[in-house]
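The structure appears below as structure tokens.
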Amino acid sequence: MTGEAVALELRPAKLPSRALAVLLDLVVAMAAYLIVTIGLVASTAALDEAAQIAVSIASFVLLLVGGPIAVETLSHGRSLGKLAFGLRVVRDDGGPIRFRHALVRGAVGVVEILMTFGIVACIASLVSQRGRRLGDVFAGTLVVRERIPAGPSTFVPPPPPWLAGRFSGLDLSAVPDGLWLAVRQYLTRMRQLDPQVGAAMAQRLASDVAARTGAPVPHGVPAAAYLAAVVHERQSRDARRAFGSGPAMAGSGGPGAYSAG
């Protein structure tokens, strides 16, 4: 996670892994509900029947509805089941979910998962191009895979030739290492990403880098190409420093140096 907690290296989760993650979450929630219910039966034995029913309903809502909502909110989209299967809930643009997203997912999940034994959720996921259940559609979220097998290479693609040397005068000193790592991860995995999620990530990362450098992304330059060019510039400066060909000054650059204008 980086910048505004943008999730990297993600692809839409498939129905089997989502179903198993939900099943694991339900098993844990039901176990907790049964334990609490047994304790409530003993502690509320002196109450009248109406009070016992009210306590039972409250425990059901808190544990089986409120519990998952709280877990997804606090973990930014990762429940126990999703953690076990390498999944996470994110916004449509790849950003982290918040309470309102988890609330909508949880409320709709009562109908499409608990009340219909998951049948409605499965049908909705099969129909959806991105495997989203109704809760995801209404909340504007997507369940994605975080664990992607490492490829044979972590090669960062070079920038387009027309951007060579374009950013030689850009001040990169304020860009943190975590953001550089995020950009490199994106560039090495961008062809494996869902196109919509990947495009949103590129825009967000480019905005983060531009904010750190104090210069906007040049008009007409695609976000992914901008990121590749900036990473290439940083690697070139590191190489010059490593091989003693002189320090890479933030403001130095030849005729191709970038300027905000």
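Per my numbering, the sequence shown starts with residue 92, numbered consecutively.
We treat Cβ as the ideally placed atom computed from N, Cα and C, and that holds for glycine.
As the structure is a computational prediction, the values presented were derived from the model and not from experiment.
- Note on geometry: alpha-carbon atoms of Ala120 and Gly200 lie some 14 Å from one another.
- By the C-beta density criterion, Ser216 is buried, having at least 16 other C-beta atoms within 10 angstroms.
- In this model, Gln220 and Leu106 are separated by some 12 Å (Cα to Cα).
- Taking the C-beta atoms as reference points, Ala319 is found no nearer than 7 Å to Pro252.
- DSSP places Thr232 in the uninterrupted beta strand (DSSP E) bounded by 232-236.
- With fewer than 16 other CB atoms across the displayed protein chains lying within 10 angstroms of its CB, Thr207 is exposed.
- Around the Cβ of His323, a 10 Å sphere holds 16 or more other Cβ atoms; the residue is buried.
- By the C-beta density criterion, His192 is buried, having at least 16 other C-beta atoms within 10 angstroms.
- Contact between Gly168 and Val156 does not hold, since the beta-carbon distance rounds to 17 Å and is not under 8 Å.
- Following the DSSP letters along the chain, one finds Arg182 inside the beta strand (DSSP E) bounded by residues 178-182.
- With a threshold of 16 other beta carbon atoms within 10 Å, Ala142 falls short and is exposed.
- Counting along the chain, the unbroken alpha helix (DSSP H) around Ile214 starts and ends at 210-218.
- Straight-line measurement puts the Cα of Ala297 at about 7 Å from the Cα of Val308.
- In the DSSP assignment, no residue is bridged to Arg280.
- Between Leu117 and Gln276, the alpha-carbon positions lie close to 34 Å from each other.
- Rounded to whole angstroms, the Cβ separation of Thr135 and Val146 is 6 Å, and the two are in contact under 8 Å.
- Secondary structure of Pro107 (DSSP, three-state): helix.
- Per DSSP, the continuous alpha helix (DSSP H) segment holding Ser147 begins and ends at 140-151.
- By the neighbour-count definition (other C-beta atoms within 10 Å, threshold 16), Phe176 is a buried residue.
- DSSP, read as helix, strand or coil, puts Arg331 in helix.
- When DSSP states are grouped into helix, strand and coil, Pro159 belongs to the helix group.
- The C-beta separation of Gly172 from Ala255 comes to about 47 Å, leaving the pair out of contact by the 8 Å criterion.
- In the three-state scheme derived from DSSP, where H, G and I count as helix and E and B as strand, Pro286 is classed as helix.
- In the DSSP assignment, Ala198 falls within the alpha helix (DSSP H) that extends over 190-200.
- Between the alpha carbons of Val195 and Ala293 lies a gap of roughly 27 Å.
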